[in-house]
Structure formats: structure tokens, C-alpha cells
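First residue of the sequence shown: 1, per full-length UniProt numbering; consecutive thereafter. Glycine included, every Cβ here is placed at the ideal spot set by N, Cα and C. Note that the structure is a prediction, hence the values are computed from the model and not measured.
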Amino acid sequence: MTTLSYAAKDSATMLRRSLRHIVRYPSMTITLIALPLVFLLLFVYVFGGTLGSGLGGESVGRAAYVNYVTPGILLLAIAGGATGTAVSVATDMTEGIVARFRTMRISQSSVLTGHVLGSMIQTALCVVVVLGAAVAIGFRPTASPVEWVAALGLLALITLALTWISVALGMISKSVETASNLPTPFALLPFLGSGFVPTDSMPTVLRWFAEYQPFTPIIETLRGLLLGSAIGSSAVVAIGWSFAIGLAGFFWARALFRKSPAV
1 MTTLSYAAKD SATMLRRSLR HIVRYPSMTI TLIALPLVFL LLFVYVFGGT
51 LGSGLGGESV GRAAYVNYVT PGILLLAIAG GATGTAVSVA TDMTEGIVAR
101 FRTMRISQSS VLTGHVLGSM IQTALCVVVV LGAAVAIGFR PTASPVEWVA
151 ALGLLALITL ALTWISVALG MISKSVETAS NLPTPFALLP FLGSGFVPTD
201 SMPTVLRWFA EYQPFTPIIE TLRGLLLGSA IGSSAVVAIG WSFAIGLAGF
251 FWARALFRKS PAV
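Below is the structure:
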């Protein structure tokens with residue numbers, strides 16, 4: 001077998017390990033699903049009537065707002081998945097299993113790859129459940145099959161990017177509690193962008209931040225693909241941000257892993 005074949009085999013083994021942890025300890029997955037669902041129901045049924053009436057367009061009230069807010073909620077679900085990734089990695093680091101893996105005759109990259117792939121599957125499950133709930137309460141996308149593929153591809157890309165950053169955050173955490181707090185800014189970005197209200201309704205300073213932070217172009221691109229609104233240059237910016245975040249997380253995590261001690 002070639003080196004690549006061994007790496008793929010070891011990565012598959014680590015992925016199975018990660019998936020077994022997800023199945024055996026479902027509380028994290030339930031939490032990651034519940035949080036965006038709570039925000040979805042809260043904003044649609046408590047604030048949706050008022051906020052939706054201010055959006056304009058053909059539909060008003062909750063019918064308009066559920067369509068507007070769903071892309072932001074999907075990003076919120078992905079940001080929540082980053083917390084689960086950081087906690088999982090920090091647990092392995094603090095319990096010493098990663099140090100033990102480094103002494104074994106396995107592909108060193110497979111240790112991180114297993115975490116990343118397992119976390120992406122867990123996050124994908126959360127996104128599917130949240131999307132299904134949004135459709136159940138009135139979300140009505142108009143995307144064509146090609147637009148659906150593009151939207152899902154963008155969701156997968158930003159999930160991969162945030163997962164790698166979260167792996168690095170989990171590795172630098174001294175405890176699981178710290179790891180659960182470090183990805184919190186990711187969950188705040190949809191609120192401080194166009195996820196819940198248009199940026200032109202914000203004060204000048206906040207509007208400037210909202211328009212230039214990474215999540216706003218991603219949300220606007222998703223909204224355009226799923227609902228047919230204007231995308232403009234948001235797609236290019238969204239892809240650029242996703243690659244930049246992902247590459248930064250990948251090289252950071254790899255550097256940290258190389259420096260981590262073996263037993």
C-alpha cells in the first residue's frame with residue numbers, strides 16, 4: 001500500500017471513532033440542534049410579525065421574515081457545530097489520547113482528519129434538521145437544482161473552514177470549558193451581520209462592521225441562491241473568506257499538532 005492509502009485507511013478508522021463518540025454521547029448533537037431551533041422559533045413567532053413587515057416585498061409579516069432569517073439561522077447552526085468540534089478536540093488533548101496516537105504507527109494527519117470529517121457530518125445533520133424545521137414553519141425557497149447544489153456547496157465550504165479553526169481552538173485550550181467558550185464569536189457574527197435584520201437599518205459604525213465581516217457575504221449569497229435575491233459580488237467575497245478562514249485554520253492546527261508532545 002502507498003503512503004496515501006495508509007493515510008486514507010487511518011483517517012477512516014479515526015472517522016469511525018469520531019462517529020461512535022457522536023452516537024454514544026448524543027447530548028452535544030441535541031444541544032447543537034436545539035439552539036438554532038430555539039432562535040428560529042423565537043425570531044419567527046415572537047419578532048417575525050414586526051420585523052417581517054419592515055422588509056418590504058410581496059409578502060409581509062412572518063411569511064416574509066422566515067424566508068429572510070433562515071439563511072442566518074443555518075449559519076448559526078454551523079457556528080454552533082464549531083463549538084462541538086472544539087470541545088471534542090480539547091477532550092482528546094486533555095485526556096492524553098492524542099499524545100498516545102502520536103506514538104503509534106499511524107498517519108499523524110489522520111488524527112485531525114477524523115475529527116474534521118466527523119464534525120462535518122455532525123454539523124450537516126444539524127443543518128438538515130434546522131432546514132427541515134424552517135420549511136415546516138413556512139420557509140419557501142425558490143432555488144433551482146443548480147442553485148441548491150451551489151448553496152449546499154457553500155454551506156459545506158464554510159463548515160469545513162470553521163471546523164479547522166475550531167480544531168486549532170480545541171488544541172490550544174487548557175480545558176474543555178475553555179474550548180466551549182472560544183468559538184462563541186462565531187455564533188455572534190450572524191447577529192452582527194445581515195442574518196436577522198438588513199444592515200442598512202443599523203447605526204453607521206455597526207453597519208460598517210456588519211457589511212465587512214465574513215458572515216454577511218455568506219448569508220447574502222445563501223439568501224440569493226435559495227430565494228432569488230440579488231447576490232452581486234457577495235459570492236466571490238464569501239468564497240474568498242471561506243478559503244481564507246479554512247486555510248488559516250488548517251495550517252494553524254497542523255502547526256499545533258506538530259508541537260504537541262508525545263508520551
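Query	Result
Residues in its own chain within less than 6 Å of V205 by CB, not counting five upstream and five downstream?	none
Hey, does V116 have any beta-carbon neighbour from chain B nearer than 9 Å?	Reference to chain B is not applicable here, since this structure consists of a single protein chain.
Classify I218 as helix, strand or coil using the three-state DSSP reduction.	helix
Tell me whether Y65 is buried or exposed, calling it buried when 16 or more other Cβ atoms sit within 10 Å of its Cβ.	buried
Compute the beta-carbon to beta-carbon distance between E220 and S234, rounded to the nearest angstrom, for a pair I have assumed lies under 8 Å.	4 Å
With DSSP as the reference, label G61 as helix, strand or coil.	helix
So is L225 buried or exposed if we call it buried at 16+ other beta carbons inside 10 Å?	buried
Nearest to S88 by alpha carbon, out of R17, P214, P145 and E211?	R17
How many angstroms separate the CA atom of L51 from the CA atom of A86?	34 Å
By Cβ distance, which residues of its chain are closer than 7 Å to L169, with the 5 residues on each side in sequence left out?	A86, A179, L182 and P183
Which one of F39, F251, A230 and I165 has the shortest CA to CA distance from G72?	F39
Closer than 6 Å by C-beta to F251: which residues in its own chain qualify, once you throw out the five before and the five after it? Chain order, please.	none
Please state whether the Cβ-Cβ distance between I158 and I121 is less than 9 Å.	no
Does DSSP put T142 in a helix, in a strand, or in coil?	coil
Please list the terminal residues of the continuous alpha helix (DSSP H) segment that includes G132.	Q108 to A136
Under 6 Å Cβ to Cβ from P214, same chain only, skipping five residues before and after it: list those, please.	W241
Using only CA atoms, which one of F139, C126 and S119 lies nearest to S166?	S119
Do A7 and S144 have their C-beta atoms within less than 9 Å of each other?	no
Tell me whether V263 sits in a helix, a strand or coil according to DSSP, three-state version.	A caution first: V263 carries a pLDDT of 43, below 50, which makes its placement in the model unreliable, though a value can still be read off. Here V263 sits in coil by DSSP.
My assumption, with CB atoms under 8 Å, is that residue 311 sits in contact with L222. Please give the rounded CB distance.	Since the first residue shown for the chain is 1 and the last is 263, residue 311 is missing from the structure and cannot be characterised.
Taking the alpha-carbon of G96 as reference, which of A63, M171, L154 and R140 has the nearest alpha-carbon?	M171
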